[in-house]
């Protein structure tokens with residue numbers, strides 16, 4: 002078979018088809034790789050979200066617990082910086098400071114930026130609310146500062162962030178329950 006007798010226009014068409022197939026496979030391969038990478042990073046964001054959710058629940062539980070306690074328990078809380086509830090609030094504040102930093106600096110695909118930024122905002126607000134009591138100078142200051150903890154604000158900011166994460170999960174067709182086999186291990 003003599004290929005020199007094939008017209009040059011056939012070679013041009015064959016080359017164009019090959020280039021088109023190569024470009025299409027590169028495009029779809031790149032999109033597939035981006036999607037897989039985004040899903041992998043989304044799993045990390047979901048893990049961070051669960052940590053922020055746990056801190057939010059701790060903040061709410063401590064505030065609710067102290068609101069339900071008698072005056073003696075609140076006085077012990079206010080006068081003793083080593084009180085279990087104060088330690089819990091301090092720990093939540095520290096965890097949320099770390100979570101905020103991680104979420105703000107985590108390298109992520111651009112499509113996950115809104116979810117990570119919203120989650121960082123939620124971690125910041127939860128940490129800010131948990132840190133309100135801090136090192137109160139006087140007993141009355143601690144009780145007053147505790148009364149100023151706005152769990153509703155923390156819940157609202159977290160719920161907005163949670164919606165962003167769920168939206169990203171839907172976008173990348175990631176079933177959050179399947180991420181941890183139905184249970185979360187952090």
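Numbering (the numbering used here), first residue to last: 2 to 187. Glycine included, each C-beta is placed from N, C-alpha and C at the ideal position.
Three or more beta-carbon pairs separated by less than 8 Å are not found between the region 78–91 and the region 163–170, which leaves the two stretches without contact.
In this structure, the beta-carbon distance from residue 175 to residue 40 falls below 8 Å. In the DSSP assignment, residue 158 falls within the unbroken alpha helix (DSSP H) covering 152–172. With a 10 Å radius around the Cβ and a threshold of 16 neighbouring Cβ atoms, residue 128 comes out buried. Exclusion of the five residues before and after residue 89 leaves 59, 63 as the residues of its chain whose Cβ lies within less than 7 Å of its Cβ. The shortest C-alpha to C-alpha distance from residue 53 to any of 119, 6, 173 is the one to 119.
In the three-state DSSP reduction, residue 118 falls in the helix class (H, G or I). Note that the C-beta distance between residue 122 and residue 158 is below 8 Å. Taken through DSSP and simplified to helix, strand or coil, residue 7 comes out as coil.
Residue 165 sits close to residue 116, with the two beta carbons spaced by under 8 Å. CA-CA distance, residue 45 to residue 7, rounds to 56 Å. Counted as a single uninterrupted DSSP element, the alpha helix (DSSP H) harbouring residue 77 occupies residues 72–80. Residue nearest to residue 125 within the set 43, 163, 102, 147 is 102 (criterion: CA-CA distance).
Between residue 43 and residue 113 the beta-carbon gap is near 6 Å, inside 8 Å, which marks them as a contact. Boundaries of the alpha helix (DSSP H) around residue 89: 85–106.
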